[in-house]
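Engineer:
Protein chains in written order, with the UniProt record's numbering: chain A, 1 to 382; chain B, 1 to 382.
1. Might you give, ordered along the chain, the residues of its own chain that have their beta carbon closer than 6 Å to the beta carbon of residue 340(A), omitting 5 neighbours on each side?
2. Evaluate the contact criterion for the stretch 347-356 of chain A versus the stretch 223-241 of chain A: three or more CB pairs, one atom per stretch, below 8 Å.
3. From the beta carbon of residue 195(A), is the nearest beta carbon of chain B less than 7 Å away?
4. According to DSSP, is residue 364(A) helix, strand or coil?
5. Can you give the Cα-Cα distance for residue 78(A) and residue 56(A), rounded to whole angstroms?
6. Which residues of chain A have a Cβ atom closer than 8 Å to the Cβ of residue 225(B), listed in chain order?
7. Mind checking if residue 373(B) is an interface residue toward chain A, Cβ cutoff 7 Å exclusive?
8. Relative to the alpha-carbon of residue 92(A), which residue among 37(A), 7(A), 32(A), 98(A) has its alpha-carbon at the smallest distance?
9. How many Å lie between residue 181(A) and residue 129(B) at the Cα?
10. Tell me which residues of the stretch 153-180 of chain B have at least one Cβ-Cβ distance to chain A shorter than 7 Å, keeping chain order.
11. Ordered along the chain, which non-local residues of its own chain (more than five positions away) have a Cβ less than 8 Å from that of residue 170(A)?
12. Once you ignore the five residues that flank residue 229(B) on each side, which residues in its own chain have a CB closer than 7 Å to its CB?
13. I need the DSSP call for residue 72(A), collapsed to helix, strand or coil.
14. Give the residues from the stretch 209-236 of chain B that approach chain A closer than 7 Å (Cβ to any Cβ), ordered along the chain.
15. Quick one: which unbroken beta strand (DSSP E) runs of 3-plus residues sit fully inside the stretch 6-86 of chain A? Chain order, please.
16. Assuming residue 317(A) contacts residue 345(A) (C-beta within less than 8 Å), just tell me the rounded distance between them.
17. Between the stretch 277-297 of chain A and the stretch 152-166 of chain A, do at least 3 Cβ pairs fall closer than 8 Å?
18. To which residues of the same chain is residue 28(B) closer than 7 Å at the C-beta, ignoring the five residues directly before and after it?
19. Out of 152(A), 146(A), 224(A), point me to the one whose CA is closest to residue 284(A)'s CA.
20. Please report how far the alpha carbon of residue 96(A) lies from the alpha carbon of residue 44(A), in whole angstroms.
21. List the residues of chain B whose Cβ lies closer than 8 Å to the Cβ of residue 240(A), in chain order.
22. In chain B, which residues lie with their C-beta within 9 Å of the C-beta of residue 245(A)?
23. Of all the residues that make up the stretch 267-300 of chain A, which are near chain B by a beta-carbon distance shorter than 9 Å?
24. Would you identify the three-state DSSP class for residue 90(B), choosing helix, strand or coil?
25. Would you check if the distance between the CB atom of residue 84(A) and the CB atom of residue 71(A) is smaller than 7 Å?
26. Using a Cβ cut-off of 7 Å (strictly closer), state whether residue 261(A) contacts chain B.
27. Could you list which residues in chain A have their beta carbon closer than 7 Å to that of residue 128(B), in chain order?
28. Exposed or buried, residue 22(A), counting other C-beta atoms within 10 Å across all chains shown (16 or more means buried)?
29. Could you check how far apart the C-beta atoms of residue 329(B) and residue 112(B) are, in whole angstroms? I think they sit under 8 Å.
30. So with CB distances below 8 Å, who are the chain A contacts of residue 60(B)?
31. So within the stretch 211-292 of chain B, which uninterrupted alpha helix (DSSP H) runs reach at least 4 residues, ignoring any that extend past its ends?
32. By the three-class DSSP mapping on this structure, what secondary structure does residue 176(A) have?
33. Among 14(A), 124(A), 54(A), 59(A), whose alpha-carbon lies nearest the alpha-carbon of residue 76(A)?
34. Which of the three DSSP states, helix, strand or coil, is assigned to residue 300(B)?
35. Let me see if you follow: with CB-CB separation under 7 Å, is residue 182(B) close to chain A or not?
36. Is it the case that the Cβ atoms of residue 231(A) and residue 270(A) are separated by a distance below 7 Å?
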């Protein structure tokens with residue numbers, strides 16, 4: 001029996017592909033001669049194209065933000081709880097766009113795509129891309145969709161960095177930036193975790209310098225470790241303690257290297273699942289985009305206030321108290337720089353036991369403040 | 001030119017080996033038929049053997065706690081700043097013993113030792129050992145050295161767990177337990193980090209199910225990753241930020257997967273160095289000993305107060321505020337259980353930017369409280 005589509009779902013969506021032939025100059029100095037961006041849209045663009053909202057994804061995200069791909073689809077989009085008819089980001093009001101970023105592995109041009117110059121997957125030849133490059137490519141997608149100015153650019157974590165970058169790269173094209181569980185730049189500890197994850201992939205004998213596609217193998221071991229490690233940093237110590245504690249997988253200790261504790265079983269499962277569908281080169285690229293993000297860097301002593309002086313948007317910044325990956329203090333750095341520039345900013349410091357992952361969870365307080373802010377955006381549109 | 005020996009050094013020390021032929025029954029149900037323990041001693045045992053202090057090592061530690069092995073030795077023992085003539089643990093007053101635990105790779109019987117039954121390294125046949133097993137083996141070493149009762153058993157991190165275990169396993173044989181930067185049991189997050197480290201080793205193609213010795217290889221990749229990851233958890237976010245921040249290795253970004261940030265270079269160096277001398281099987285065993293440690297487990301609902309009801313020692317418990325691996329709250333759990341039992345306890349909550357590693361660092365406040373507590377122990381001896 002086919003599963004029904006809930007009333008508050010955007011329903012069945014079909015991903016679309018936009019092909020771009022104009023070369024894209026990248027931060028690294030390289031150029032992408034041409035590329036595809038895969039995207040999905042939900043809701044209807046109004047006559048003056050003033051109700052468009054761009055959703056930027058985080059490390060392992062993609063264009064499938066809400067709804068299902070077919071009636072039997074058991075998996076809904078990654079932010080389906082937030083986006084749909086009557087939901088905080090209400091598709092009865094807004095035209096919502098999700099895309100897969102360059103370098104991704106869900107349809108947009110990335111390392112596993114065929115390089116037209118060689119007829120082989122890009123692999124190691126795919127250039128490093130930055131948050132700025134993504135925002136540049138997203139601006140081209142905006143042109144293609146006839147959106148001169150986004151009502152809002154919205155993202156959590158690495159997605160929040162893109163929203164922040166939009167406000168600086170294209171100040172005229174964004175009315176609101178919604179920056180959730182994010183940071184103005186990574187800390188040494190953040191970079192350190194990313195580097196361990198990358199080293200796990202880069203030193204996997206099946207990595208073959210990034211050209212594993214031609215060898216018929218995948219660096220599963222490395223990607224699995226990277227995901228296991230990442231997962232620890234997405235959850236809070238307390239949240240993990242509440243959910244797993246020291247629960248045993250079996251009644252008694254086995255005194256072996258097999259799984260003993262539930263938390264081990266959970267992490268290994270998450271690692272195995274992820275390694276089965278995600279591309280290791282994409283994982284490397286996404287972590288590098290995180291590391292390099294530092295819009296204040298070229299201003300005196302990394303002055304974020306000066307970097308944001310260009311911005312004209314209004315801002316909604318939210319952080320979760322148990323998030324130790326991008327703790328509330330990191331969001332407050334953003335808020336301070338916005339206040340320094342007398343830019344309108346609403347800041348929410350939200351209680352949650354879910355750590356960094358809280359930005360993906362349905363939580364009454366979080367959803368209430370999101371809804372209130374989106375209502376405000378809609379009043380300006382309507 | 002040979003390096004001089006400082007006045008406050010214990011000088012040149014020679015490791016000694018104690019061989020035991022009496023089988024040791026292990027927590028796992030296995031038995032070690034016979035084994036060696038390698039140890040070092042500093043200072044002189046007094047006539048009534050009342051001034052003996054046992055130093056228990058942590059994950060990657062060993063018997064070489066203080067001094068040098070030869071005049072040109074550039075590396076001093078791992079706690080040389082704490083132990084020596086006039087130092088907080090004063091070898092003019094105390095007879096100090098350091099040993100390498102069973103399962104180690106510095107001379108005590110471990111996975112890389114020759115299994116007398118097969119003539120080959122134990123490898124995968126070496127049994128899992130627990131903190132309790134270590135304490136049992138340390139008690140036998142005490143007998144051998146003629147020490148009926150330790151003036152103190154001292155340790156940081158996993159070493160602190162051994163001090164705590166001594167107070168429960170052999171309440172009559174320990175007057176003081178000095179438990180630094182430790183915890184009564186691992187949290188789910190602690191176990192999770194350990195499991196990622198283990199999975200890195202276990203899935204390294206060079207691991208060969210633990211019997212890599214016969215294959216002429218070493219699971220260097222896995223051990224390197226494990227150490228890199230461990231290192232992140234030993235340092236504090238702030239301390240790492242102060243030391244490395246976003247400092248670049250080169251003037252400009254290379255936009256590649258090479259080292260960009262100093263923190264990456266530092267971690268990879270630490271990983272490479274460690275993987276060059278430490279045994280991967282020992283690393284696995286030490287992390288399992290951490291995971292299994294939970295002396296309260298067999299009491300009603302994991303009641304630590306009931307577990308410590310057997311103890312008779314006086315306690316010194318210390319924690320460091322930036323230690324997020326074993327945060328001060330974990331030490332306070334121990335303190336609470338001791339207070340519940342009306343056992344004498346001194347607790348120090350020490351400010352430090354060095355995270356978990358602070359217990360190995362020379363810090364005025366930390367050394368002052370250690371010195372004061374050791375002075376008190378000495379007054380009882382003298």
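Where a beta carbon is used, it is the ideal one built from N, C-alpha and C, also for glycine.
Structural biologist: According to the structure data:
1. As a first step, residue 340(A) is located in the first chain; it is residue number 340 there, counting from the start. Sequence-distant partners of residue 340(A) (beyond 5 residues in either direction) whose C-beta falls short of 6 Å from its own C-beta, in its chain, are 305.
2. As far as the Cβ criterion goes, the stretch 347-356 of chain A touches the stretch 223-241 of chain A, which means the pair count is three or higher.
3. By one-based count along the first chain, residue 195(A) stands at place 195. It does; some Cβ of chain B falls within 7 Å.
4. Position 364 of the first chain, counted from the start, is the residue given in the question as residue 364(A). The answer is helix: DSSP assigns residue 364(A) an H, G or I state.
5. On the first chain, residue 78(A) is found 78 positions in, with the first residue counted as 1. On the first chain, residue 56(A) is found 56 positions in, with the first residue counted as 1. A straight line joining the alpha-carbon of residue 78(A) with that of residue 56(A) spans about 12 Å.
6. Counting from one through the second chain, the residue named residue 225(B) turns up at place 225. Against chain A, a Cβ distance below 8 Å from residue 225(B) picks out 196, 199, 200, 203, 225.
7. What you label residue 373(B) is simply residue 373 of the second chain in a count that begins at 1. Between residue 373(B) and chain A, the shortest Cβ-Cβ separation is not below 7 Å.
8. In the first chain, the residue the question calls residue 92(A) occupies position 92. Minimum Cα distance to residue 92(A) is reached at 7(A).
9. Walking along the first chain from the start, residue 181(A) turns up at place 181. Walking along the second chain from the start, residue 129(B) turns up at place 129. If I take the Cα positions, the gap works out to 42 Å.
10. Cβ contacts with chain A: none found.
11. Residue mapping note: residue 170(A) aligns to position 170 of the first chain, counting from 1. Answer for residue 170(A): 135, 139, listed in chain order.
12. Numbered from its first residue, the second chain carries residue 229(B) at position 229. Answer for residue 229(B): 193, 196, 197, listed in chain order.
13. The residue you call residue 72(A) lines up with position 72 of the first chain. Coil.
14. Of all residues in the stretch 209-236 of chain B, 221, 225, 228, 229, 232 have a Cβ within less than 7 Å of some Cβ in chain A.
15. Runs of the beta strand (DSSP E) inside the stretch 6-86 of chain A: 16-20, 35-42, 52-56.
16. Residue mapping note: residue 317(A) aligns to position 317 of the first chain, counting from 1. Residue mapping note: residue 345(A) aligns to position 345 of the first chain, counting from 1. Here residue 317(A) really is in contact with residue 345(A); their C-beta atoms are around 6 Å apart, less than 8 Å.
17. Result yes; three or more Cβ-Cβ pairs closer than 8 Å.
18. By one-based count along the second chain, residue 28(B) stands at place 28. So the qualifying residues of the chain are 127, 128.
19. Here residue 284(A) refers to the residue found at position 284 when the first chain is read from its first residue. It is 224(A).
20. Taking the first residue of the first chain as 1, we reach residue 96(A) at position 96. Taking the first residue of the first chain as 1, we reach residue 44(A) at position 44. In this structure, the straight-line span from the alpha carbon of residue 96(A) to that of residue 44(A) is close to 8 Å.
21. For the purposes of this step, residue 240(A) is taken as the residue at position 240 of the first chain. The answer, in chain order, is 187, 188, 189, 192.
22. What you label residue 245(A) is simply residue 245 of the first chain in a count that begins at 1. Close to residue 245(A), with beta-carbon spacing below 9 Å, are these residues of chain B in chain order: 187, 188.
23. Going along the stretch 267-300 of chain A in chain order, one finds 267, 268, 271, 284, 288, 291, 292, 294, 297 with a Cβ nearer than 9 Å to chain B.
24. For the purposes of this step, residue 90(B) is identified with residue 90 of the second chain, where counting begins at 1. In this structure, residue 90(B) counts as strand in the three-state DSSP scheme.
25. Indexing the first chain from 1 puts residue 84(A) at position 84. Indexing the first chain from 1 puts residue 71(A) at position 71. Contact flag unset, no.
26. Reading the first chain from its first residue, position 261 is the one you call residue 261(A). Closer than 7 Å to some Cβ of chain B, the Cβ of residue 261(A) qualifies, so yes.
27. Locating residue 128(B) in the second chain gives position 128, counting from the first residue. At a beta-carbon threshold of 7 Å, the residues of chain A lying near residue 128(B) are 255, 256, ordered along the chain.
28. Numbered from 1 along the first chain, position 22 holds the residue referred to as residue 22(A). Here residue 22(A) is exposed: its Cβ has fewer than 16 other Cβ atoms, across all protein chains shown, within 10 Å.
29. The residue given as residue 329(B) occupies position 329 in the second chain. The residue given as residue 112(B) occupies position 112 in the second chain. Going by Cβ atoms, the distance from residue 329(B) to residue 112(B) rounds to 37 Å, so no, they are not a contact pair.
30. Here residue 60(B) corresponds to residue number 60 of the second chain, with the count starting at 1. Ordered by position in chain A, no residue passes the 8 Å Cβ test against residue 60(B), which lies about 17 Å from the chain.
31. Entirely contained in the stretch 211-292 of chain B, the alpha helix (DSSP H) runs reaching 4 residues are, in chain order, 220-234, 237-243, 262-277, 280-292.
32. The sequence position of residue 176(A) within the first chain is 176, counting from 1. The DSSP-derived three-state label of residue 176(A) is strand.
33. For the purposes of this step, residue 76(A) is taken as residue 76 along the first chain, with counting starting at 1. Per the Cα distances, 14(A).
34. For the purposes of this step, residue 300(B) is taken as the residue at position 300 of the second chain. Residue 300(B) sits in a helix when the DSSP states are folded into three classes.
35. Counting from 1 along the second chain, the entry for residue 182(B) is found at position 182. Answer no: the Cβ-Cβ gap between residue 182(B) and chain A never drops below 7 Å.
36. Position 231 of the first chain, counted from the start, is the residue given in the question as residue 231(A). Position 270 of the first chain, counted from the start, is the residue given in the question as residue 270(A). The Cβ-Cβ distance between residue 231(A) and residue 270(A) falls below 7 Å.
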